[in-house]
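Below: one structure, written as structure tokens.
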Amino acid sequence: MRDDLEGVKWGAAIAAYQVEGGAASGGRSPSIWDTFSRKPGAVLRGDTGDVAAAVFENPGPMLDNAEWLGLDVLRVSISWSRLIPGGDGEVSEEGVAFYRHLFGELRSRNVTPVVTLYHWDLPQRLQDRGGWSSMETVEAFVEYVEKAVALFKDLVQDWVTINEPFCTAFHGHLSGLHAPGIRDEAVALRVALMQMKGHGDAVRAIRRVDPSARVGLAINLSDLEAASESDEDLQAYRTADLIENRLFLVSFSSGRLPDGLAEYFGEEVIAHALEEIDVSLASVPLDFIGLNYYEHNVISASQGKADTVVRGVRKLPVPEPRSANGVATRPDGFIRTLLRVSEAFPGVPVWVTENGIALHDYLDPSGLCNDIERVDYLDRHVEAVAEARRRGVNVEAYFHWCLMDTFEWSYGYQLKYGLLYVDFPTSRLIPKASAHHYRELIAQIRQPEPKG
Ligand code: BGP
Numbered sequence: 000m001r002d003d004l005e006g007v008k009w010g011a012a013i014a015a016y017q018v019e020g021g022a023a024s025g026g027r028s029p030s031i032w033d034t035f036s037r038k039p040g041a042v043l044r045g046d047t048g049d050v051a052a053a054v055f056e057n058p059g060p061m062l063d064n065a066e067w068l069g070l071d072v073l074r075v076s077i078s079w080s081r082l083i084p085g086g087d088g089e090v091s092e093e094g095v096a097f098y099r100h101l102f103g104e105l106r107s108r109n110v111t112p113v114v115t116l117y118h119w120d121l122p123q124r125l126q127d128r129g130g131w132s133s134m135e136t137v138e139a140f141v142e143y144v145e146k147a148v149a150l151f152k153d154l155v156q157d158w159v160t161i162n163e164p165f166c167t168a169f170h171g172h173l174s175g176l177h178a179p180g181i182r183d184e185a186v187a188l189r190v191a192l193m194q195m196k197g198h199g200d201a202v203r204a205i206r207r208v209d210p211s212a213r214v215g216l217a218i219n220l221s222d223l224e225a226a227s228e229s230d231e232d233l234q235a236y237r238t239a240d241l242i243e244n245r246l247f248l249v250s251f252s253s254g255r256l257p258d259g260l261a262e263y264f265g266e267e268v269i270a271h272a273l274e275e276i277d278v279s280l281a282s283v284p285l286d287f288i289g290l291n292y293y294e295h296n297v298i299s300a301s302q303g304k305a306d307t308v309v310r311g312v313r314k315l316p317v318p319e320p321r322s323a324n325g326v327a328t329r330p331d332g333f334i335r336t337l338l339r340v341s342e343a344f345p346g347v348p349v350w351v352t353e354n355g356i357a358l359h360d361y362l363d364p365s366g367l368c369n370d371i372e373r374v375d376y377l378d379r380h381v382e383a384v385a386e387a388r389r390r391g392v393n394v395e396a397y398f399h400w401c402l403m404d405t406f407e408w409s410y411g412y413q414l415k416y417g418l419l420y421v422d423f424p425t426s427r428l429i430p431k432a433s434a435h436h437y438r439e440l441i442a443q444i445r446q447p448e449p450k451g
């Protein structure tokens, strides 16, 4: 056993819309991603999650692979529109049966399910009534959360309320890169704050229904750096940090909006976004804070191609090593971000709810996927976890994104993050070199130190 990693739980993550498929099966109603992926130009090549990795139809191979890997934990999400097809109201028995089977089978394989309640797939019916900018959605979310926890509390102890509220707010409602594809800055800020309300209310609801549950949230933070010491670049860096990081880090941890927001959005937009919302209620005691870490960015004042979300900012192209979608591989940024999140949430254990690298993976002529870049990435990021722990960060769990290749949102099926290669036409799963490596790594870390 490596002392510096002792007790860390090793896992992987997936999300419902990205792997389940069965979009029209089992009584499921459309989510905003079903609608969005059909909009011409929204997703690369018009790909959709209709079939994805066919986990709804046949979860067995995924479950067997999670066991074979020796995972302690698997982070999955519930498709809200599979469980409650109307968005609110009646629960679908077929939806309940699917998730009871999934969670029960994981447990029987000694893999503990960690369940995300909202991973971006809002029922379309709620979007039609205003989506996340309407209080109806927040209320429906809390009702859905209460039902889900009551239905599954005998099988699930660990809940993540919302995945990456930044992306839902600013990619779903400003850059338009994600569903529902709205482009309106004021709406994006409103949605950010509505999710803060939704999170706080959901945590309280979970504790009411199951006082022994463990509850957290998954925020994505980027490690940012100013391109130069010039006033313009430093200002751009501060603005990017405000919108991408501090808006969420400060609000969720301290219950107040970070300074600088009024200067950026204007008083009127903020006042509207805050209607019926008390930000102090977003800061609730958590059992863990989930961090999704992918990005390190160098920020300059915008000249040329501007950022799709933050005004006046440009993210410079990064040098190698980088992912297939141009994201820098920076374990040092991971360490800094782990330190930052644990300072913001003193005493709260940190769970790395996602971390991984996109590659253009393929099967070679021998039928193998030799993803050596991911093997290296895993080694360096697991080392970063160890280093952060040595520096006092209580990292309790690490979930690699992703257990398997997925429908990767607006990148469709082109980008691959999986430890398991998915042959999409047959939904066959083939462990990549990184899966074999992760399996050995986990086994080695668990191995008692030889005596003597
Ligand atoms: C996170 C999402 C995941 C997955 C991952 C890929 O934002 O929670 O569902 O899509 O990102 O990262 P990227 O956005 O870099 O493609």
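For the sequence shown, position 100 matches number 99 in numbering that gives the first Met the number 0, and the numbering has no gaps at all.
Here a beta-carbon is modelled for each residue, glycine too, at the ideal position from N, C-alpha and C.
Residues near residue i in its chain [Cβ-Cβ closer than 6 Å; skip 5 each side]
i	result
P430	L419
M193	W131, V137
T34	Q123
A185	V268
G88	none
Residue from the options with nearest C-alpha to residue i
i	options	result
L241	A14, R310, S107	R310
V381	E439, R313, T405, L248	E439
I31	A235, S409, R335, M195	S409
E294	S76, Q126, D331, E407	D331
V297	L290, S279, D306, F423	D306
I181	L315, G417, G130	G130
E267	D200, F247, R189	R189
Y437	Y412, P447, L402	L402
E104	L154, I276, D87, A168	L154
A227	L315, H399, V113	Reading off the sequence, residue 227 comes out as Ser, not Ala. Nearest option by C-alpha distance: L315.
T115	N109, A239, F140	F140
G45	I444, G411, Q446, R445	G411
F287	A343, L280, G325, V317	A343
D157	A225, G289, H271	G289
N393	Y376, P364, V347, T425	V347
V159	F169, R213, D127	R213
I77	Q126, P112, L362	P112
Distance, residue j Cα to residue i Cα
i	j	result
L260	A149	38 Å
L345	H177	Per the sequence presented here, residue 345 reads as Pro, with Leu not at that position. Their Cα atoms are separated by approximately 32 Å.
W67	E274	49 Å
E353	R245	19 Å
C368	D422	11 Å
S322	A235	24 Å
E395	W350	6 Å
D404	A432	14 Å
R124	A300	40 Å
R99	D3	35 Å
V7	Y397	7 Å
R339	V249	11 Å
E92	V144	16 Å
G25	R427	22 Å
V90	A96	11 Å
A218	H118	Reading off the sequence, residue 218 comes out as Ile, not Ala. Roughly 12 Å separates the two Cα atoms.
G59	S80	22 Å
I205	S279	18 Å
V18	G48	7 Å
D232	D222	16 Å
G265	D183	14 Å
D230	S253	29 Å
F102	D209	17 Å
V308	G175	9 Å
P447	A385	17 Å
Which of helix, strand or coil DSSP assigns to residue i
i	result
Y143	helix
I13	coil
D2	helix
V249	helix
Y420	strand
T160	strand
V427	Sequence inspection shows Arg at residue 427; the Val mentioned does not correspond to that position. Residue state, collapsed to three classes: strand.
S30	strand
Close-in-space but distant-in-sequence residues of the same chain around residue i (CB under 8 Å, 5 per side omitted)
i	result
D258	none
G303	R313
A383	P330, D331, F333, I334, L337
I276	L192, M193, M195, K196
Same chain, Cβ closer than 7 Å to residue i, five either side skipped, listed in chain order
i	result
F247	P164, F165, I218
L62	E104, L105, R108
Can you check the segment 334 to 401 for any alpha helix (DSSP H) of at least 4 residues that lies completely inside it and give the ranges in chain order? Counting only runs of 4 or more residues that sit fully inside the segment 334 to 401, the alpha helix (DSSP H) segments are 371 to 389, in chain order.
Jot down the residue ranges of each uninterrupted beta strand (DSSP E) in the segment 71 to 150, minimum 3 residues, whole runs only, in chain order. Taking only runs of at least 3 residues, the beta strand (DSSP E) segments lying wholly in the segment 71 to 150 are 72 to 76, 111 to 117.
Taking only runs that begin and end inside the segment 169 to 226, name each unbroken beta strand (DSSP E) of 3 or more residues, in chain order. Entirely contained in the segment 169 to 226, the beta strand (DSSP E) runs reaching 3 residues are, in chain order, 213 to 225.
Please specify which runs of the beta strand (DSSP E), each continuous and at least 3 residues long, are wholly inside the segment 284 to 334, giving them in chain order. For secondary structure counted as the beta strand (DSSP E) over 3 or more consecutive residues, the segment 284 to 334 holds these complete runs in sequence order: 288 to 300, 312 to 314.
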